[in-house]
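Quick notes on the structure that follows.
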């Protein structure tokens, strides 16, 4: 008889075999399930970001930026799409041919490309911000064998089609298209937008898919300046010529529309982007300031046009040990127009004293000296006018002829514009309008009257007096055939580092307007520290004339002299 | 018979899918090529516009007028302004 062997725990019957096989079969899905669970739970972030990177691109590198244009829509700064050309070594089919092609197309020596090739592990940039013609050549071969491994990455470059023109106003933006200085910085929010967190769907090769919605979201504004590119060119070219001729350290030329306060040109030389000396430079104006002190005294009624000021001996002791001399004339008495024509320090000093410290201070403040003009240019200086309570008698007198007070070119030209327009201080503007993508236009340069500084009658008298300066006085080199021109020269000694004034360092200037009958332009020219001994009359007045002549011709302003032939 | 017809329908369906995939790929390549062409044209256009801006800048115009045509800036009093009636 057979006896059943006791069941060994190691001997499988069919049932247990099936069970084991089932378990083995289930083990694989179980492992997969556990792995999936682990990935979903613990590696979720890593994989979701990988997936996101595959589908979306952040736009930070593809940043758009609006244009900066002149008042007539001429482009002064615009962003163009350029590309960086890179090489992914792994995919290059023929190294020698690729290097030869890149060298020929990009104009880079083969040796330099090979150096980069040898020093990089896999990917390297051959050239950044390549020009469109080169981009076209490379993009045409991308799909051929020669183009394998080449990559073109889009980026934006800020271009200034007019070169250095108005660059001191426009300023600079960095490679990420952020405004760093000048208008670029002031209106960065309008010109650009924060798109670092904005993402867009990308296509297979990584390029961003710009659908209509995204394009609308990315739209930026264009900023129009009050600057006229032609007027700016005239100011810059005339200024540059004179600065180089007399070896001045700096030069500034500003053109303003006296009726609206709009700045039509603001040139600085040498040009530094985002550093406009028209708003940032402070200086003691010297004799151009006499017009301000004298018009204030006339307006207050403390002196009259018919008055004669005593010049006895052309020496005036203002206070003990402080003597003012007039060496440029030999008259014992001067009328007020003559004080301006001959640029008499004694006359202007005496008139300032007659007006008194308190009144002069309030007039200076009313003209806007010692405070920023609110033109909103970064780094604008407010100049310096000390409170009148701190003035001595000498301080009051010297302010009459433009010492002991620090002004900016924009403040001075704005004050002259007030004389030109009948006595109203206008708010100066540098930005005309902002045009948003949706068609909305925000006007920034509506004429704003800040306050009336002088009576109309005072300005009428001052215009005639300043006209006589150009006709028979120190400003004769500013005469323009056919036009009545009003203006004042200035030659001021610069403050010395050792204290006092430096006898050989000057700031020469001329400020004026034309035509006197209906002033269209106010122009200020300042030349800082010329190497050649110069005066406002010999150096600045001819520059004023050249700029004004061209402006009058540009605008087609009719002559206001009847018999000039 | 039913199986035969089922296989026929499946074959037609698969053929349709294959044709569609092929068409999608072809269209994809075509779109990509066109996008590339648009990019090239846009780059070219922008380049030409920049050239226009650069060449029509006041400085360039005045230089060319003076150097090539021998022109000089007119004085303002030499310009005759016609009044509108």
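Chains as they are written, first to last, in the working numbering: chain H, 1 to 565; chain G, 1001 to 1085. Using N, Cα and C, we set each Cβ at its ideal position, and we do this for glycine too.
Excluding the five sequence neighbours on either side, which residues of its own chain have a C-beta within less than 6 Å of the C-beta of residue i, listed in chain order?
i	result
residue 505 of chain H	494 and 529
residue 65 of chain H	79, 177, 191 and 192
residue 515 of chain H	483, 484 and 560
residue 342 of chain H	328 and 329
residue 283 of chain H	507
residue 338 of chain H	none
residue 519 of chain H	258, 420 and 513
Do you know offhand how far residue i's Cα is from residue j's?
i	j	result
residue 346 of chain H	residue 396 of chain H	12 Å
residue 1015 of chain G	residue 1021 of chain G	10 Å
residue 163 of chain H	residue 49 of chain H	44 Å
residue 381 of chain H	residue 256 of chain H	18 Å
residue 1078 of chain G	residue 557 of chain H	11 Å
residue 404 of chain H	residue 442 of chain H	41 Å
residue 34 of chain H	residue 87 of chain H	41 Å
residue 124 of chain H	residue 438 of chain H	40 Å
residue 1066 of chain G	residue 148 of chain H	50 Å
residue 354 of chain H	residue 302 of chain H	7 Å
residue 543 of chain H	residue 379 of chain H	27 Å
residue 115 of chain H	residue 138 of chain H	21 Å
residue 136 of chain H	residue 107 of chain H	15 Å
residue 222 of chain H	residue 296 of chain H	42 Å
residue 238 of chain H	residue 1027 of chain G	60 Å
residue 583 of chain H	residue 171 of chain H	The structure shown does not extend to residue 583 of chain H, since chain H is modelled only from 1 to 565, so the question has no answer here.
residue 510 of chain H	residue 71 of chain H	26 Å
residue 278 of chain H	residue 236 of chain H	12 Å
residue 154 of chain H	residue 536 of chain H	52 Å
residue 426 of chain H	residue 133 of chain H	48 Å
residue 184 of chain H	residue 173 of chain H	6 Å
For a contact meaning CB atoms closer than 7 Å, what does residue i contact in chain B?
i	result
residue 258 of chain H	This model lacks chain B altogether; the protein chains it does include are H and G.
Can you tell me which residues form a DSSP beta bridge with residue i?
i	result
residue 611 of chain H	The question about residue 611 of chain H has no answer, for chain H in this structure spans 1 to 565.
residue 117 of chain H	According to DSSP, residue 117 of chain H bridges with nothing at all.
residue 88 of chain H	H:123
residue 1037 of chain G	None, per the DSSP bridge assignment.
residue 522 of chain H	H:256 and H:513
residue 449 of chain H	H:426
residue 487 of chain H	H:512
residue 1044 of chain G	Residue 1044 of chain G pairs with nothing; no bridge assigned.
residue 29 of chain H	Residue 29 of chain H is not bridged to any residue.
residue 391 of chain H	Partner(s): none; residue 391 of chain H has no beta bridge.
residue 262 of chain H	H:429
residue 494 of chain H	H:502
residue 304 of chain H	Note: residue 304 of chain H sits in no beta bridge, so no partner.
Identify the contact partners of residue i in chain G, using a Cβ-Cβ distance below 9 Å as the criterion.
i	result
residue 348 of chain H	Under the 9 Å cutoff, chain G gives no residues; its nearest Cβ is about 32 Å from residue 348 of chain H.
residue 165 of chain H	1057, 1058 and 1059
residue 492 of chain H	In chain order: nothing, as chain G lies at least about 30 Å away.
residue 521 of chain H	Here the premise fails: no neighbours, minimum Cβ distance about 11 Å.
residue 564 of chain H	1077
Please compile the residues from chain H whose C-beta is within a distance smaller than 7 Å of the C-beta of residue i.
i	result
residue 1053 of chain G	75 and 161
residue 1050 of chain G	80, 159 and 161
Which chain G residues sit within Cβ distance under 7 Å of residue i?
i	result
residue 549 of chain H	1075 and 1076
residue 557 of chain H	1076
residue 132 of chain H	1043, 1044, 1046 and 1047
residue 482 of chain H	1076 and 1077
residue 229 of chain H	1058
residue 571 of chain H	Any question about residue 571 of chain H goes unanswered here, given that chain H covers just 1 to 565.
residue 136 of chain H	1040, 1043 and 1044
Strictly below 8 Å CB to CB, what residues from chain H border residue i?
i	result
residue 1079 of chain G	553 and 556
residue 957 of chain G	In the structure as shown, chain G begins at 1001 and stops at 1085. Residue 957 of chain G is therefore absent and cannot be evaluated.
Keeping to the same chain, check which residues put their C-beta closer than 7 Å to that of residue i; ignore five residues upstream and five downstream.
i	result
residue 452 of chain H	423 and 424
Which residues in chain H sit within 9 Å of residue i, going by Cβ to Cβ distance?
i	result
residue 1022 of chain G	The premise fails here: residue 1022 of chain G is roughly 17 Å from chain H at the closest Cβ pair, so nothing lies under 9 Å.
residue 1036 of chain G	139, 140, 142 and 143
Kindly list the residues whose CB is nearer than 8 Å to the CB of residue i, restricted to its own chain and excluding five residues on each side of it in sequence; keep chain order.
i	result
residue 394 of chain H	318, 319 and 322
residue 1076 of chain G	none
residue 457 of chain H	none
residue 117 of chain H	87, 89, 95, 99 and 124
Which residues in chain G have a C-beta closer than 8 Å to the C-beta of residue i? List them in chain order.
i	result
residue 233 of chain H	1057, 1058, 1059 and 1062
*asked:* Can you confirm whether the region 410-421 of chain H touches the region 280-291 of chain H when touching is taken to mean that 3 or more C-beta pairs between the two stretches lie within less than 8 Å?
replied: yes
*Are three or more beta carbon pairs between the region 225-235 of chain H and the region 263-278 of chain H nearer than 8 Å?*
yes
*asked:* So, does the region 143-158 of chain H touch the region 93-106 of chain H, judging by three or more C-beta pairs under 8 Å?
replied: yes
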